[in-house]
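Student: Encoded as structure tokens, here's the structure I'll be asking about.
Protein chains: 2
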Amino acid sequence: MRTEGRAKRLPRAVRERQIMDAAVDVFSRLGFHAASMDEISDVAGISKPMLYAYLGSKEELFATCIRREATRMIEAIATGVEPDQEPDVQLWSGLRAFFGFVGENRASWQVLHRQASSQGGPFAAELADMRGRAVSLVAALLTQSTKAPATTLEAESLAAALVGAGESLADWWLDHPEEPAGVVAARLMNLVWMGFGDLVDGNVWHPPSRR
Amino acid sequence: MRTEGRAKRLPRAVRERQIMDAAVDVFSRLGFHAASMDEISDVAGISKPMLYAYLGSKEELFATCIRREATRMIEAIATGVEPDQEPDVQLWSGLRAFFGFVGENRASWQVLHRQASSQGGPFAAELADMRGRAVSLVAALLTQSTKAPATTLEAESLAAALVGAGESLADWWLDHPEEPAGVVAARLMNLVWMGFGDLVDGNVWHPPSRR
DNA sequence: CCTGGTACCTACTCGCGAGTAAGACTACTG
DNA sequence: CAGTAGTCTTACTCGCGAGTAGGTACCAGG
């Protein structure tokens, strides 16, 4: 990057998008601390003072990245999930949307999951918010469909486990990108819906054939 | 820490243990980058050159921490699991051992899970090794007990999801420490053995009453 | 053509933290 | 009571990266 001399004049909004894209890229590859403002400005194709003029300090920039990517992801999932369906179908559509997003936005996922969570302070809070939304969605799904009345704590911890399983499987997927998203999603669906107990007996969950 | 002037003379082995303990503590609280060698030496109650004399560079020190804590953890689980038992009992004993360890070694867990995995390079590899051992253990358990012959990839990804669920639930537990380890372990056991499908119908897994 | 305003740049300051040189203190060994 | 081996310290160097001061190119409207 940054071979030509001076950057072309561009309206502020466009520049800001470029910078954000560059920042997500660099943060995802290097992590918050190891990423330098010099490198980000370099990848963005501008000079350092522009970074500060537009997006403020390094911490502000990082927080902005988290917020933008988290919002994109939440929206992708919210759009994908089909309400007013049976619980298993709701879960299935949610999982598909999640893995679909991760597959097409690896860098975003890296930043959100690996970087944000390992930084202390306000960043973790930023992420905890997103995660909390996912967890309570699942917890609500579980609570409303279960027959045995579960405590809030129970539902919440189960949801945390499920969300964590999804995150982890997504990480695993990064190392095995040859698998299609649908297959990975189906595996997780089987694990959390059927359980090992059924799986070892050969009982498998299948998506509904039509809708 | 570090109020008195000069530290008492101690044999090398003892000092090294002190330093390692201090390093795990600081790394777990601050993360690899934010942790400074000055602070570690301060907490350990000695001066910085001693750090370098005994444990080498910052990266070497961190890697040594990872290795030590990972080994302690693997051993705790290996000791806890009961082979020659039914698959569900094996899994159950493994989960109990895992949550037991995390409960009594929060700092170790923080370092292993949060810090090591978010640092690139050799640290991630160090951790991937430990994680790989856990994953293949579970994968073997699953493969040998399943009736439908599953592919390696399938077993491995399911195991990754399970291990991830455990890691995530352990993280959740850090924020809800009032819950006893056994209860948390039982929740995960139910999720992965029974599955939501059974749980919403009120079917629950119980540990065998005697042994 | 001049006058401003805004996007953009080069070239710094400055603190923080990894790593080290050189020496002081302690304790055992003959 | 040396001598010496290993523990421990103070007090530095030095590079890297966050953040900035001050100036340059480019585009309006007059």
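Chains as they are written, first to last, in our numbering: chain A, 1 to 211; chain B, 212 to 422. Note that the Cβ used here is the ideal one computed from N, Cα and C, for glycine as well.
Residue 398 of chain B CB to nearest chain A CB: under 8 Å?
Tutor: So yes, residue 398 of chain B belongs to the interface.
Student: Using 8 Å as the cut-off, can you tell me whether the region 257-272 of chain B makes contact with the region 340-355 of chain B, which would need three or more C-beta pairs spanning the two stretches below that distance?
Tutor: No contact exists between the region 257-272 of chain B and the region 340-355 of chain B.
Student: Which class does residue 213 of chain A belong to by DSSP, given the choice of helix, strand or coil?
Tutor: Not covered by the structure: residue 213 of chain A. The range shown for chain A is 1 to 211.
Student: Is it true that the CB of residue 101 of chain A sits closer than 8 Å to the CB of residue 66 of chain A?
Tutor: It is not a contact, given that the beta carbons lie outside the stated cut-off.
Student: Return helix, strand or coil for residue 118 of chain A, following the three-state DSSP convention.
Tutor: Three-state result, residue 118 of chain A: helix.
Student: Which residues in chain B have a C-beta closer than 7 Å to the C-beta of residue 194 of chain A? List them in chain order.
Tutor: The contacting residues are 406 and 408.
Student: From A/43, A/18 and A/16, pick the residue whose C-alpha is nearest to that of residue 29 of chain A; which is it?
Tutor: Of A/43, A/18 and A/16, the residue nearest in Cα terms is A/43.
Student: Taking the Cβ atom as the reference point for each residue, do residue 24 of chain A and residue 406 of chain B lie within a distance shorter than 8 Å?
Tutor: Not closer than 8 Å, so no.
Student: Can you grab the Cα-Cα spacing for the pair residue 417 of chain B / residue 399 of chain B, in whole Å?
Tutor: Distance between the alpha carbons of residue 417 of chain B and residue 399 of chain B: 12 Å.
Student: Helix, strand or coil: which one does DSSP assign to residue 254 of chain B?
Tutor: Helix, per DSSP.
Student: Over what stretch of residues does the alpha helix (DSSP H) that includes residue 231 of chain B continue unbroken?
Tutor: 223-241 is the span of the alpha helix (DSSP H), which, as asked, contains residue 231 of chain B.
Student: If contact is defined by three or more beta carbon pairs under 8 Å, each pair taking one atom from either stretch, is the region 104-112 of chain A in contact with the region 155-164 of chain A?
Tutor: Touching, no.
Student: Under the rule that 16 or more other beta-carbon atoms within 10 Å means buried, what is residue 295 of chain B, buried or exposed?
Tutor: So residue 295 of chain B counts as exposed.
Student: What does the alpha-carbon distance come out to for the pair residue 401 of chain B and residue 415 of chain B?
Tutor: Roughly 7 Å between the two C-alpha positions.
Student: Spell out whether any CB of chain A is found under 8 Å from the CB atom of residue 319 of chain B.
Tutor: It does not; no Cβ of chain A falls within 8 Å.
Student: How is residue 296 of chain B classed by DSSP in three states: helix, strand or coil?
Tutor: Reduced to three states, the DSSP call for residue 296 of chain B is coil.
Student: Considering residue 168 of chain A, what are the terminal residues of the alpha helix (DSSP H) in which it resides?
Tutor: Counting along the chain, the alpha helix (DSSP H) containing residue 168 of chain A begins and ends at 152-174.
Student: Quick one, which residues of the region 13-44 of chain A are near chain B if we go by CB-CB under 9 Å, in chain order?
Tutor: Result list: 29, 30, 31, 32, 33 and 34.
Student: Output the boundary residues of the alpha helix (DSSP H) element that contains residue 193 of chain A.
Tutor: It spans 181-199 - the alpha helix (DSSP H) in which residue 193 of chain A sits, taken as one unbroken run.
Student: Between residue 111 of chain A and residue 97 of chain A, is the Cβ-Cβ spacing less than 8 Å?
Tutor: No.
Student: Residues in its own chain within less than 7 Å of residue 395 of chain B by CB, not counting five upstream and five downstream?
Tutor: Here the set comprises 310, 380 and 384.
Student: Just tell me which of B/363, B/226, B/388 and B/345 has its CA closest to the CA of residue 376 of chain B.
Tutor: Of the listed residues, the one whose Cα sits closest to residue 376 of chain B is B/345.
Student: Counting C-beta neighbours from all protein chains within 10 Å, is the total for residue 131 of chain A 16 or more, i.e. buried, or is it exposed?
Tutor: Buried: at least 16 other Cβ atoms inside 10 Å.
Student: Please report whether the beta-carbon of residue 60 of chain A lies at a distance below 8 Å from any beta-carbon of chain B.
Tutor: It does not: the Cβ of residue 60 of chain A has no partner Cβ on chain B nearer than 8 Å.
Student: Is the Cβ-Cβ distance between residue 51 of chain A and residue 41 of chain A less than 8 Å?
Tutor: Closer than 8 Å, so yes.
Student: So which residues of chain B does residue 167 of chain A contact, with C-beta pairs closer than 8 Å?
Tutor: Simply 375 and 379.
Student: Just the chain B side, please: which residues come within less than 8 Å of residue 115 of chain A by C-beta, in chain order?
Tutor: Here the neighbours are 329.
Student: Helix, strand or coil for residue 303 of chain B per DSSP?
Tutor: If DSSP states are grouped into helix, strand and coil, residue 303 of chain B belongs with the helices.
Student: Against chain A, with Cβ distances strictly below 8 Å, would residue 392 of chain B count as a contact?
Tutor: Closer than 8 Å: no.
Student: Quick one: using the 10 Å Cβ neighbour count with 16 as the cut-off for buried, is residue 88 of chain A buried or exposed?
Tutor: Buried, by the Cβ-count rule.
Student: Note down, in chain order, each residue of its chain lying with its Cβ closer than 8 Å to the Cβ of residue 124 of chain A, except the 5 sequence neighbours on either side.
Tutor: Within the same chain, residue 124 of chain A has close Cβ partners 116 and 117.
Student: Rank B/330, B/333 and B/365 by C-alpha distance to the C-alpha of residue 347 of chain B and give the top, closest one.
Tutor: Considering only alpha carbons, the answer is B/365.
Student: Between residue 221 of chain B and residue 15 of chain A, what straight-line distance do the alpha-carbon atoms span, to the nearest angstrom?
Tutor: Roughly 59 Å separates the two Cα atoms.
Student: Which residues of chain A have a Cβ atom closer than 7 Å to the Cβ of residue 365 of chain B, listed in chain order?
Tutor: Near residue 365 of chain B (Cβ distances below 7 Å), the residues of chain A are 187.
Student: For my contact list, residue 411 of chain B and residue 145 of chain A are in at a C-beta cut-off of 8 Å; report their separation, rounded to the angstrom.
Tutor: Confirmed, Cβ separation roughly 5 Å.
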